[in-house]
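J.: Those protein sequence lines, which keep their order, are chains A and B. When we follow my numbering, the leftmost residue of the first sequence carries the number 1, and every step to the right adds one. When we follow my numbering, the leftmost residue of the second sequence carries the number 1001, and every step to the right adds one. Backbone N, C-alpha and C define an ideal beta-carbon position, used for all residues, glycine too.
2 protein chains.
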Amino acid sequence: MSVAEMTRLAVPPSLVWPFAGDASGGVPAGANVELRELERHGSKLRFKRGETLFNEGDPAEHAYRLVSGAVRLCKHMADGRRQIAEFILPGDFFSFGETVEHDFTAEAMSDVVLVCYPQRAMERLADERPGLRNFSRSLLRRRIDDAENHLVMLGRQTAKEKVASFLVLLAQRSHTHENSRLALPMSRQDIADFVGLTMETVSRVLSAMKREKLIELPGLHELVIRDLESLHALADGEE
Amino acid sequence: MSVAEMTRLAVPPSLVWPFAGDASGGVPAGANVELRELERHGSKLRFKRGETLFNEGDPAEHAYRLVSGAVRLCKHMADGRRQIAEFILPGDFFSFGETVEHDFTAEAMSDVVLVCYPQRAMERLADERPGLRNFSRSLLRRRIDDAENHLVMLGRQTAKEKVASFLVLLAQRSHTHENSRLALPMSRQDIADFVGLTMETVSRVLSAMKREKLIELPGLHELVIRDLESLHALADGEE
DNA sequence: CGCCGTGTTGACCAGTTTCAAGATTGGTGG
DNA sequence: CCACCAATCTTGAAACTGGTCAACACGGCG
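(1) When burial is assigned at 16 or more other CB atoms within 10 Å of the CB, is A/Thr-7 buried or exposed?
(2) Under the rule that 16 or more other beta-carbon atoms within 10 Å means buried, what is B/His-1177, buried or exposed?
(3) Would you report the Cα separation of B/Glu-1222 and B/Arg-1072, rounded to the nearest angstrom?
(4) When the distance is taken between beta carbons, is B/Cys-1074 closer than 7 Å to B/Thr-1105?
(5) State the Cα-Cα distance for the pair A/Asn-149 and A/Glu-161, rounded to the nearest angstrom.
(6) How about A/Tyr-117 and A/Ala-70: are their beta carbons less than 7 Å apart?
(7) For a minimum of 3 consecutive residues, which ranges assigned as the beta strand (DSSP E) are wholly contained in the region 56-121 of chain A?
(8) What do you get for A/Gly-219, buried or exposed, if any count of 16 or more other CB atoms within 10 angstroms of its CB means buried?
(9) Which residues, in order along the region 1208-1227 of chain B, keep a beta-carbon less than 7 Å from a beta-carbon of chain A?
(10) Please check the pair A/Pro-46 and A/Val-112, which I expect to be a contact at CB under 8 Å, by giving their CB distance rounded to whole angstroms.
(11) Where A/Leu-114 and A/Ser-174 are concerned, what is the direct C-alpha to C-alpha distance, given to the nearest angstrom?
(12) In whole angstroms, give me the CA-to-CA distance for B/Pro-1028 and B/Arg-1141.
(13) Look at the Cβ atom of A/Phe-194, then the Cβ atom of A/Ile-88, and state whether they are nearer than 7 Å.
(14) Report the residues of the region 141-153 of chain A with a CB closer than 7 Å to any CB of chain B, ordered along the chain.
(15) CB-CB under 8 Å to B/Glu-1098, same chain, minus the five flanking residues each way: which ones, in chain order?
(16) For B/Met-1304, would you say it is in contact with chain A, using Cβ-to-Cβ distances shorter than 7 Å as the test?
(17) Using a Cβ-based criterion (distance less than 6 Å to any ligand heavy atom), does B/Leu-1220 qualify as near the ligand GDP?
(18) On the DSSP bridge assignment, give the partners of A/Ile-215 in chain order.
(19) For A/Ala-108, collect the residues of the same chain with a Cβ closer than 7 Å to its Cβ; drop the 5 residues on either side in sequence, then sort them by chain order.
(20) Please list the terminal residues of the continuous beta strand (DSSP E) segment that includes A/Arg-141.
(21) For B/Leu-1045, which beta-bridge partners are listed by DSSP?
(22) Between A/His-232 and B/Glu-1212, what straight-line distance do the alpha-carbon atoms span, to the nearest angstrom?
(23) Which residue marks the beginning of the alpha helix (DSSP H) containing A/Leu-53, and which one marks its end?
(24) Which same chain residues end up closer than 6 Å to B/Ser-1203 when comparing Cβ atoms and leaving out the 5 residues on each side of it in sequence?
(25) Have a look at B/Leu-1197, B/Arg-1133, B/Leu-1170 and flag the residue whose alpha-carbon is nearest the alpha-carbon of B/Val-1224.
(26) Per the DSSP calculation, B/Leu-1167 is bridged to which residue(s)?
(27) I think B/Leu-1214 touches B/Arg-1226, with their Cβ atoms under 8 Å apart; what is that distance to the nearest whole Å?
(28) Starting from A/Arg-188, trace the alpha helix (DSSP H) both ways and give me its first and last residue.
(29) Where A/Ala-164 and B/Ala-1147 are concerned, what is the direct C-alpha to C-alpha distance, given to the nearest angstrom?
(30) Could you pull the start and end residues of the beta strand (DSSP E) that A/Leu-182 belongs to?
(31) Identify whether B/His-1232 lies in helix, strand or coil by the three-state DSSP scheme.
(32) List the residues of chain A whose Cβ lies closer than 7 Å to the Cβ of B/Ala-1078, in chain order.
(33) Using alpha carbons as the reference points, say which of B/Glu-1200, B/Leu-1139, B/Leu-1167 lies closest to B/Pro-1185.
(34) According to DSSP, simplified to helix, strand and coil, what is A/Arg-40?
(35) Where does B/Thr-1201 sit, in a helix, a strand or coil, going by DSSP?
(36) Counting only beta-carbon atoms, is A/Val-27 nearer than 7 Å to chain B?
Here's what the structure looks like:
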């Protein structure tokens, strides 16, 4: 099975639209109508694994919703060091509210289908539609929330805790329960650049978790969580 | 001179309102009018050094603007580890758009004066005032931007780079030039919890920078930047 | 003038990275 | 369908960065 196929299977079609499970956050009732209207302005787009959707600094003419595949949003330092700010999974919106230029680079981690919306049209629409405004604001709030939890992870957690946090996040976002197989569309290097470690350390920690029966790795890009409770405990620093 | 006096002096009164220099970000023309209207809903508040303004999880009934002093916004882990997400200086707004509960703890690093605005009133006002909406949105965008740069620092920079980044940020926010004295209202531990290091490492790096004539520390809570260019270079990882 | 909280410095240590072999895996072509 | 190849991942050993622990210094305040 290819990575593209795998990630497409990760989220059943019914969840892709209008909301990906809890991704709606604080979206108020009624927003749905306006989102459908928004949809009229969207056009479909495809990228192949490894392609760059846009670079940090490019003019931000569009916002996006991922339909299938997986995308990473990252920042690059001059010498090549990389920090991934966010993994985008099917159903996720990104780049909303970036009106001037994109403040990160978006790269396809697998073959990708997405819908893009012109920022201008959306702003106009938002001026008359409180529902759309609220939706847009909830996306921004959610992003802040995620980023601030990410700060704690990067700044104050140990290697083991970081990897556990990552796995817990992934499980939450995949609305997956224990013992079911879930997609791991990102490489070890991607995980490392998300949690602020080296590839090697990530690999070692995953191996240790495998030995301790917390997880299984049936394939490089598949994961089974065997003991979510322990992972949560680890992520919260309860040793 | 007390810490309270020092930080009060850090920003001249003229800059405190309506905007603290570049803190306005992308605020459109016209917002000012609506902000003055917003001001009618504000009431003054005081806290003493060390006091907690509110805790993570408290109901978020108010948003704030700092008038004088300095505040830290932080998250705490169960075992006491702490990550500071943001330092609040005079003129800064915080907690905007947190409608349900605060997602961080706010603590006064010095005696503090601030203005608070009821979130409800603001939301009502924002419904009819595009200017206020845009202002509010620009605050959220700015927060995301700051947080994402913070991610790179925490995840991918070395100790020296982290401290340099912190100093550059501080210099920017204090709209200060080389060789002028600027306030350092936070303790070494606060700096450490912002950049993801220990107090000791921060102290060592600062000492090294002093030796290399990049900075001077006339007092524990005062800083003179002697070579901003080199600090920038360090912060950007150019060794 | 002396005390207490905070900051600095040193010696040692632990966790993470680095460097370098190998081992898997998944994709390709025979 | 199998075998091979390249890319990715895993593992080990050594080096290093930053952390820990502990003593000492400083300075702000009574």
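T.: Checking against the coordinates, here is how it stands:
(1) Summary for A/Thr-7: the model assigns pLDDT 41, below 50, so the residue's position carries little reliability; its value from the coordinates is reported in the next sentence. So A/Thr-7 counts as buried.
(2) Label assigned to B/His-1177: exposed.
(3) 18 Å
(4) yes
(5) 13 Å
(6) no
(7) 62-68, 71-76, 82-88, 105-108, 112-118
(8) exposed
(9) none
(10) The identity of residue 46 of chain A in the sequence shown is Arg, whereas the question assumes Pro. Right, the Cβ-Cβ distance comes to about 7 Å (below 8 Å), so this counts as a contact.
(11) 18 Å
(12) Low local confidence applies: a pLDDT of 39 at B/Pro-1028 is under 50, so the model's placement there is unreliable, with the coordinate-based value given in what follows. Rounded to whole angstroms, B/Pro-1028 to B/Arg-1141 spans 14 Å at the Cα level.
(13) no
(14) Arg-141, Arg-143, Ile-144, Asp-145, Ala-147, Glu-148, His-150, Leu-151, Val-152
(15) Ala-1060, Ala-1063, Gln-1119
(16) The requested residue 1304 of chain B does not occur in the structure, where chain B is confined to residues 1001 to 1239.
(17) The ligand GDP is not among the ligands present in this structure, which contains no ligands whatsoever.
(18) A/Ile-225
(19) Phe-47, Lys-48, Arg-49, Gly-50, Glu-51, Leu-53, Gly-69, Val-71
(20) Here A/Arg-141 belongs to no beta strand (DSSP E); instead the alpha helix (DSSP H) covers 130-156.
(21) B/Leu-1114
(22) 45 Å
(23) Counting along the chain, A/Leu-53 sits inside no alpha helix (DSSP H); it lies in the beta strand (DSSP E) bounded by residues 52-54.
(24) Arg-1188
(25) The candidate whose alpha carbon is nearest that of B/Val-1224 is B/Leu-1170.
(26) Per DSSP, none; premise fails for B/Leu-1167.
(27) That belief holds up - the Cβ atoms of B/Leu-1214 and B/Arg-1226 are roughly 6 Å apart, short of 8 Å.
(28) 188-195
(29) 22 Å
(30) 181-183
(31) Correct three-state label for B/His-1232: helix.
(32) Asp-236, Gly-237, Glu-238
(33) Among B/Glu-1200, B/Leu-1139, B/Leu-1167, the Cα nearest to that of B/Pro-1185 is on B/Leu-1167.
(34) coil
(35) Of the three classes helix, strand and coil, the one that applies to B/Thr-1201 here is helix, per DSSP.
(36) Because the pLDDT at A/Val-27 is just 39, under 50, the model does not fix this residue reliably, and the value given afterwards should be weighed accordingly. For A/Val-27, the answer is no, since every Cβ of chain B falls outside 7 Å of its Cβ.
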